[in-house]
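J.: Handing you a structure now.
Chains as they are written, first to last, in the working numbering: chain Z, 16 to 377; chain R, 441 to 764.
Dropping the structure here:
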């Protein structure tokens, strides 16, 4: 009798396990990792695969926001004045994506005036970009691959499953290897600056479709502790503190860094980097640069933050320019300066992706 | 007869494990499964268990979030041996084979990462003090170590090293302190009240991802159990209810706390065992969370199931020593 009881118990146990929530239907997914290195079906990487890290949550373990909801600035009472947001403007539409939501989702696949836009932000390198939601010319969405390179986000596109290094600005693995994303101009600044410049801005809502504690920063003192890394980059550059936020202009594999502290209450400089001319305007909370070509090179600029008019700086021709380089008054009204390929980044990240950045000095 | 049956059952268990893609385990249950009962000098015990640990509950502190997209499973096969060197002193070894799985179900897709292989092992020396707590009582102390036998550098199919949580081993030596006591009472001799405490001081993996260090958080566990025996269908069965408290401090990378690790948990553990023969017993138990308070936001255990067989070989009676 007891033998029968034993076998029944064994059978019941394994029956319970077999209905415990794991099924084999996903085994055919070629992207699943079966723990067998020999079955590598996408072996080519532009970056050293030995330096690619598994972040821990897994692919889509940090879920992108694919159906973003927006509220007005007055309704966004969960954001403090000094909190950082990523802002984008398309025509008359201004949108802000608070860090406190991006920290938990990293990617927002949005649609602004019919234009598919992917806002992506890496909390471990402090870098945000906006780029067209396209892969190989086809509309797509991007997700969090769960992989990191030099502590920086690797996105994947849901059309081809190719992996894109965010700060390298390049597809580094998969069918679209070597392709570049089509960048859009975004700025990163404090909420009070952004809503002053764009009082009619829409703000990404906490109603993301996911259950998260957005009031809590998920990485402890990571953003301010210069000695602390969760994933240590391959090289460190001691010219500035690792976690100092800098504005970087990127050109080819080089970069030029601007410290917020150097801009104080407001400043505009003309600078040359990698044989290109730039005007860099900013204050201690916002910096943005534009490449100067043609007769723009001869203009002399001056900081002129006028929130009621949305003006960021002006020039000696009488033109007034907004933060995205659009002339909103003056003889060149309607013209737009070409935004620099740039990013706000923790110093260490800019320095590891674009080694030995030149640091702007007064 | 009985050894033959034992071998058949082991083969059956192993066969089911190897082929049971449907069964799963996060966290290898080392501290849970050390501490076999003490017997007279020369007694050898061999246990083979299967452990399935399912983590599908996402918590922020003690609040459960409405998100079951992440599933973390650890399957473990545990080989436990104990030999009584004297009537009081025994040596125990726990050896593991583990399969770790991380499955994300999101946006209509499922993504799986998994590793498997020999896991870390534990050796434990125990000393039993009889009747320290009065008649029909036992009290034992143990000191052990966790041996880093398992790989900590398993890669996925793209050659990317998986993170520490998915590795079969930790590449670190841990020290383990163990204390156990039990007491039976005259009003019902088969009723046992027992407690057990384990503390694991973890070592550091100094070659984590080649350029970092990783240290799992120190862990404390306390068990409080009540068990009783009775006859069921002419078979002696033992049922028990235990409460387990577990505290783990945060893991550390390069000496800094890693957010979203560590916490406090209370579990209820109902278990059932029965004697298949005088030397062979079968057991099954579940581990169900009653309370969880995690640091930050992290997956927390949903349930755990463990089943196994324990075979005991007693020393032969030495008649020549009988004093007539």
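Built from N, CA and C at the ideal position, the CB exists for glycine as well.
Since residue 75(Z) meets chain R, which of its residues come closer than 9 Å, beta carbon to beta carbon?
T.: Going along chain R in sequence order, the residues near residue 75(Z) (Cβ under 9 Å) are 509, 544, 545, 546, 547, 549, 551.
J.: Can you tell me the Cβ-Cβ gap for residue 737(R) and residue 700(R), rounded? I've got them flagged as a contact below 8 Å.
T.: Right, their Cβ atoms sit about 6 Å apart.
J.: Identify every run of the beta strand (DSSP E) within the region 236–313 of chain Z, keeping only runs that are complete inside it and at least 3 residues long; order them along the chain.
T.: Listed in chain order, they are 260–266, 269–274, 282–288, 291–297, 302–307.
J.: On the three-state DSSP scale, how would you describe residue 733(R)?
T.: Of the three classes helix, strand and coil, the one that applies to residue 733(R) here is strand, per DSSP.
J.: From this set, 749(R), 732(R), 747(R), which residue's C-alpha is nearest residue 499(R)'s C-alpha?
T.: That would be 732(R), whose Cα lies nearest to the Cα of residue 499(R).
J.: For a cutoff of 9 Å on Cβ pairs, would you count residue 696(R) as touching chain Z?
T.: Yes, because at least one Cβ of chain Z sits closer than 9 Å to the Cβ of residue 696(R).
J.: Short of 7 Å in beta carbon distance, which residues of its chain neighbour residue 212(Z), apart from the five on each side in sequence? Order them along the chain.
T.: The answer, listed in chain order, is 322, 325, 338.
J.: Excluding five sequence neighbours on each side, which residues of the same chain lie with their C-beta closer than 7 Å to the C-beta of residue 372(Z)?
T.: Closer than 7 Å at the Cβ level, and outside the excluded window around residue 372(Z), lie 263, 270, 271, 272, 365, 366.
J.: So for residue 672(R), helix, strand or coil by DSSP?
T.: Residue 672(R) falls in the strand class under three-state DSSP.
J.: Distance cutoff 9 Å, beta carbons only. Does residue 249(Z) sit that close to anything in chain R?
T.: For residue 249(Z), the answer is yes, since a Cβ of chain R falls inside 9 Å of its Cβ.
J.: Relative to the C-alpha of residue 78(Z), which candidate in 356(Z), 295(Z), 225(Z) has its C-alpha closest?
T.: Taking only the C-alpha atoms, the option nearest residue 78(Z) is 225(Z).
J.: Taking residue 244(Z) as the query, report the chain R residues whose CB atoms sit under 9 Å from its CB, ordered along the chain.
T.: The contacting residues are 652, 693, 694, 696.
J.: Mind checking whether residue 352(Z) and residue 294(Z) have CB atoms under 9 Å apart?
T.: Yes. Within cutoff.
J.: Whose C-beta lies closer than 8 Å to the C-beta of residue 108(Z) among residues of the same chain, with five residues either side of it excluded?
T.: Same-chain partners within the cutoff: 127, 128, 217.
J.: Roughly how many whole angstroms lie between the Cα atoms of residue 628(R) and residue 491(R)?
T.: The straight-line gap from Cα to Cα measures roughly 32 Å.
J.: Just checking: is the beta-carbon of residue 226(Z) within a distance shorter than 9 Å of some beta-carbon in chain R?
T.: Chain R, which has a Cβ nearer than 9 Å to the Cβ of residue 226(Z), makes this yes.
J.: Taking only beta-carbon atoms, is residue 614(R) less than 9 Å away from chain Z?
T.: Not one chain Z Cβ lies under 9 Å of residue 614(R).
J.: For a contact defined as C-beta to C-beta under 9 Å, what are the partners of residue 737(R) on chain Z?
T.: Simply 119, 227, 228, 231, 233.
J.: I'd like to know if the region 196–205 of chain Z and the region 296–312 of chain Z are in contact, where contact means that at least 3 CB-CB pairs between them fall below 8 Å.
T.: Counting Cβ pairs under 8 Å, three or more are found: they touch.
J.: Cutting at 7 Å between CB atoms, please list the residues of its own chain near residue 615(R), excluding the five before and the five after it.
T.: 585, 641, listed in sequence order.
J.: Can you grab the Cα-Cα spacing for the pair residue 473(R) / residue 676(R), in whole Å?
T.: Going by the C-alpha atoms only, they are around 22 Å apart.
J.: So for residue 530(R), helix, strand or coil by DSSP?
T.: Note: residue 530(R) maps to strand in three-state DSSP.
J.: Could you tell me which residues DSSP pairs with residue 485(R) in its beta bridges?
T.: Answer is 522(R).
J.: Which value, in whole angstroms, describes the spacing of the CA atoms of residue 361(Z) and residue 502(R)?
T.: Each residue's alpha carbon lies about 33 Å from the other.
J.: Can you name the residues of chain R whose CB is closer than 8 Å to the CB of residue 78(Z)?
T.: In chain order: 509, 546, 547.
J.: Which parts of the region 163–206 of chain Z are runs of the beta strand (DSSP E), unbroken and 3 residues or longer, counting only runs that do not cross its ends?
T.: Listed in chain order, they are 167–172, 178–180, 185–188, 201–205.
J.: Do we get a CB-CB distance below 9 Å when we pair residue 500(R) with the residues of chain Z?
T.: At least one chain Z Cβ lies under 9 Å of residue 500(R).
J.: Residues in the same chain with beta-carbon distance under 6 Å from residue 11(Z), minus the five sequence neighbours each way, listed in chain order, please.
T.: Residue 11(Z) cannot be examined here, being either before or after the span of chain Z that is shown, 16 to 377.
J.: Tell me the rounded alpha-carbon separation between residue 622(R) and residue 112(Z).
T.: Taking the straight line from one Cα to the other gives about 59 Å.
J.: Taking the DSSP output, what are the residues bridged to residue 340(Z)?
T.: For residue 340(Z), which the question treats as bridged, DSSP gives no partner whatsoever.
J.: Please go through the same chain and pick out, in chain order, the residues whose beta-carbon is closer than 6 Å to the beta-carbon of residue 680(R), but skip the five residues on each side of it.
T.: Excluding residues within five positions, the ones whose Cβ falls inside 6 Å are 665, 667, 711.
J.: Return no unless some Cβ of chain Z is closer than 9 Å to the Cβ of residue 466(R).
T.: For residue 466(R), the predicted model reports a pLDDT of 45, less than 50, meaning its position is unreliable and no value from the coordinates is stated.
J.: Could you check what DSSP says for residue 613(R) in three-state terms: helix, strand or coil?
T.: Of the three classes helix, strand and coil, the one that applies to residue 613(R) here is coil, per DSSP.
J.: Is the beta carbon of residue 195(Z) less than 9 Å from the beta carbon of residue 186(Z)?
T.: Yes, Cβ-Cβ distance for residue 195(Z) and residue 186(Z) is below 9 Å.
J.: Beta-carbon of residue 67(Z) versus every beta-carbon of chain R: anything under 9 Å?
T.: Chain R contact via Cβ: present.
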